[in-house]
Amino acid sequence: MNNGIGLGSGGAGGTDGRGRADGPAPGSTRIMTWNLWWRFGSWRERRTAILRTLEETRPDVVGLQEVWADPDENMAGWLAAELGMHWAWSRGRAQDRWHSRNGGDTSVDVGIAVLSRHPILATAERRLPAGQASDDGKTALHALIDTPAGPLPFFTTHLNSGPAESAVRCLQVRELAAFVARHTPDGGHPPVVTGDFNAEPDFDEIRLMGGYKTAPAVPGLVLLDAWRFADPALPQGTWDLAHEDSVNFGARPTCLDYIFVGMPDVAGARGAIQYARRAGDRRIDGVLPSDHAAVIADLAHGAPAAP
1 MNNGIGLGSG GAGGTDGRGR ADGPAPGSTR IMTWNLWWRF GSWRERRTAI LRTLEETRPD
61 VVGLQEVWAD PDENMAGWLA AELGMHWAWS RGRAQDRWHS RNGGDTSVDV GIAVLSRHPI
121 LATAERRLPA GQASDDGKTA LHALIDTPAG PLPFFTTHLN SGPAESAVRC LQVRELAAFV
181 ARHTPDGGHP PVVTGDFNAE PDFDEIRLMG GYKTAPAVPG LVLLDAWRFA DPALPQGTWD
241 LAHEDSVNFG ARPTCLDYIF VGMPDVAGAR GAIQYARRAG DRRIDGVLPS DHAAVIADLA
301 HGAPAAP
């Protein structure tokens with residue numbers, strides 16, 4: 001697979017005729033983030049379960065991590081074709097580290113991707129800082145989405161996973177925040193940042209990403225954690241350390257996956273987080289779609305800021 005960004009369309013977007021089992025409320029945009037667990041486990045069966053979950057939850061824009069691609073198929077492209085969505089893909093920059101975890105098969109690559117029910121107007125990617133011990137080749141992907149609420153600056157990423165790499169993730173968050181700021185015009189739709197941050201809610205890197213419990217990574221850039229708007233009685237863990245090959249959602253999984261949203265328009269409430277919850281956490285035909293649960297959040301269209 002080539003380095004850089006891939007861009008495509010699986011159809012015209014909009015409805016696909018499959019019905020709305022659990023779609024966003026009228027006047028809102030549904031955001032999702034999901035780590036797809038690459039080609040681990042029963043990936044063929046999981047592929048179907050992932051598609052079924054997306055059909056049921058009906059997200060409008062999705063940030064995906066651990067997306068696989070081989071010479072015949074890109075998982076993001078396949079999902080887009082099945083769902084009638086647009087897509088963009090960013091190939092990871094340290095493929096050898098992933099190939100070594102998959103029996104040395106060099107034909108399957110890993111990356112991050114965006115799916116969108118609305119046209120993608122522009123894309124960009126940014127390589128994130130590496131740790132001192134090793135370079136995981138992490139990147140951030142930006143897609144400007146043509147939503148009914150106006151152009152939405154959307155981002156997805158996957159940060160380093162080592163338990164002792166909080167300092168590296170903080171460096172990555174600073175670079176990510178600068179990338180977000182560069183691609184978010186003043187007066188437009190608040191930015192939306194999604195991803196597997198490999199950090200729990202009270203970690204330094206998550207506080208830094210938000211910018212409201214500590215000084216922001218970029219002056220003036222405050223990003224609200226969608227989990228703050230979830231029902232506290234519902235589970236919020238997205239990954240279980242104790243489970244080797246599937247998520248045991250009956251235990252106490254921890255939260256590693258997030259949707260961050262910039263401050264909404266004060267007057268029009270465009271981009272205000274209405275609702276957030278976990279998804280992709282049930283078996284479909286006996287198969288869990290991924291070792292991570294997904295996160296979804298509905299954002300209000302509101303009214304654009306006055307010129």
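At the far end of the sequence shown sits residue 307, using the UniProt record's numbering, and the numbering has no gaps. Glycine is no exception: its CB is placed at the ideal position from the N, C-alpha and C atoms.
Taking the C-beta atoms as reference points, residue 63 is found no nearer than 8 angstroms to residue 190.
Residue pairing for residue 209: DSSP places it in no beta bridge. The shortest C-alpha to C-alpha distance from residue 197 to any of 49, 155, 88, 269 is the one to 155.
DSSP places residue 172 within a helical segment (H, G or I) once states are collapsed to three. Distance from the CA atom of residue 278 to the CA atom of residue 237, rounded to whole angstroms, is 8 angstroms. Cβ contact annotation for residue 90 (same chain, cutoff 6 angstroms, sequence separation greater than five): 5, 111, 112, 125, 139, 141, in chain order. Per the coordinates, the alpha-carbon of residue 264 lies some 18 angstroms from the alpha-carbon of residue 32. The beta carbon of residue 239 sits closer than 7 angstroms to those of 247, 253, 254, 256, 291, 292, all from its chain and outside the five residues before and after it, given in chain order. Per DSSP, reduced to three states, the secondary structure at residue 53 is helical. C-alpha of residue 215 to C-alpha of residue 202: approximately 15 angstroms in a straight line. Between the stretch 35 to 44 and the stretch 52 to 59 there are fewer than three C-beta pairs closer than 8 angstroms, too few to call the two in contact.
Excluding its 5 nearest sequence neighbours in each direction, residue 179 has C-beta neighbours in its own chain below 6 angstroms: 126, 140, listed in chain order.
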